[in-house]
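If you use this note's numbering, the sequence shown corresponds to residues 567 to 787, in order.
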Amino acid sequence: MQGGPSGVVVFTDRRVARGALVDVVAGAVGGGVRWVVLREKDLPRAERLALAADLRAILAEAGGTLIVAGPDPLDGDAVHLPAAGPYPPPAGGLVGRSCHDTAELARLTTEHYATVSPVYETRTKPGYGPALRPDGLSELVKASPVPVLALGGIGTAAQVAACVEAGATGVAVLGAVMRANDPTETATTLGSAFQEAATRVTGTHPARSDEGPHEKGCGRP
């Protein structure tokens with residue numbers, strides 16, 4: 567089974583994107599992004615299926631992976647499920663799930679990774695909160711049985727670094743890339759911040775044979 571997402575992971579939202587979604591994603595991939603989560607759940611399946619095919623083609627050229635939000639993989643093999651379900655998660659392929667607290671993390675079984683949100687205040691999904699901040703993220707990383715992606719309001723190099731230092735194996739961004747004037751430049755900046763922080767964390771906390779979920783992979787590029 568392929569490893570789960572790491573580094574900068576882009577969640578899509580065509581409604582806030584400054585250009586055509588395919589072009590924005592292509593720009594982000596040009597800036598080093600190798601994991602993209604297709605949302606756009608309001609689209610008819612046929613349109614979403616066509617969009618998934620277009621995005622997979624862009625990612626395939628760079629060795630990247632498209633994950634589809636929701637239980638329908640749209641002819642792929644990677645899905646990102648909401649906290650509410652379905653349970654148990656589908657067998658096979660790559661499966662992630664959105665989580666917001668320890669109770670939701672405790673329900674994880676065969677998922678390969680989880681997003682934890684909101685780390686910072688976010689315009690995209692203001693209904694969740696309060697913001698965890700890095701300290702709250704760190705506590706949930708420790709409680710999680712699987713690698714964690716930090717999600718929610720992440721848009722600066724300093725925020726990326728703080729999430730990596732809190733133990734996240736990756737940072738999921740939406741608005742920072744979708745709204746960017748130059749998605750390639752934004753992805754490059756955030757990706758560099760992730761790599762620098764991951765290298766720093768790895769040097770500070772070398773891997774041990776008895777490491778737990780918090781240490782395991784916190785510096786994985």
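Beta carbons: idealized from backbone N, C-alpha and C, even for Gly. Just so you know, these numbers come straight off a predicted model, no measurement behind them.
Practice task
Return the chain-ordered list of same chain residues with a C-beta closer than 6 Å to the C-beta of Ala746, the five sequence neighbours on each side being excluded.
Solution key: Contacts found: Thr752.
Handout entry: Sufficient close CB pairs (3 or more, under 8 Å) joining the region 708 to 724 to the region 678 to 685
Key = Counting Cβ pairs under 8 Å, three or more are found: they touch.
Problem - DSSP-derived helix/strand/coil call for Gly569 - result: Three-state result, Gly569: coil.
Exercise for the section: Identify, in the order they occur along the chain, each residue of the same chain with its Cβ nearer than 7 Å to the Cβ of Ser704, setting aside the five sequence neighbours on each side. Expected result: The answer, listed in chain order, is Ala732, Gly733.
Problem - Buried or exposed by the 16-neighbour rule on C-beta atoms within 10 Å, applied to Pro700 - result: Under this definition Pro700 is a buried residue.
Practice task
Confirm, please, whether the CB-CB distance from Val576 to Val602 is below 8 Å.
Solution key: For Val602 and Val576, yes; Cβs fall inside 8 Å.
Handout entry: Cβ-based burial, Tyr653 [other Cβ within 10 Å; buried from 16]
Key = By the Cβ neighbour-count rule, Tyr653 is exposed, with fewer than 16 other Cβ atoms within 10 Å of its own.
Handout entry: Pairwise C-alpha distance: Asp641 and Thr631
Key = Taking the straight line joining both Cα atoms gives about 13 Å.
Handout entry: Continuous beta strand (DSSP E) stretch holding Val685: start and end
Key = In this chain, Val685 is not harboured by any beta strand (DSSP E), its DSSP state being neither H nor E.
Exercise for the section: Please name the residue, chosen from Gly736, Val767, Leu740, Leu706, that lies closest to Gly757 on a Cα-to-Cα basis. Expected result: The shortest CA-to-CA distance from Gly757 to any of Gly736, Val767, Leu740, Leu706 is the one to Gly736.
Practice task
Quick one: residues in its chain with C-beta nearer than 6 Å to the C-beta of Val726, no 5 flanking neighbours on either side, listed in chain order?
Solution key: The beta carbon of Val726 lies closer than 6 Å to those of Val737, Leu756, Ala759, Phe760 in the same chain, with the five residues before and after it left out.
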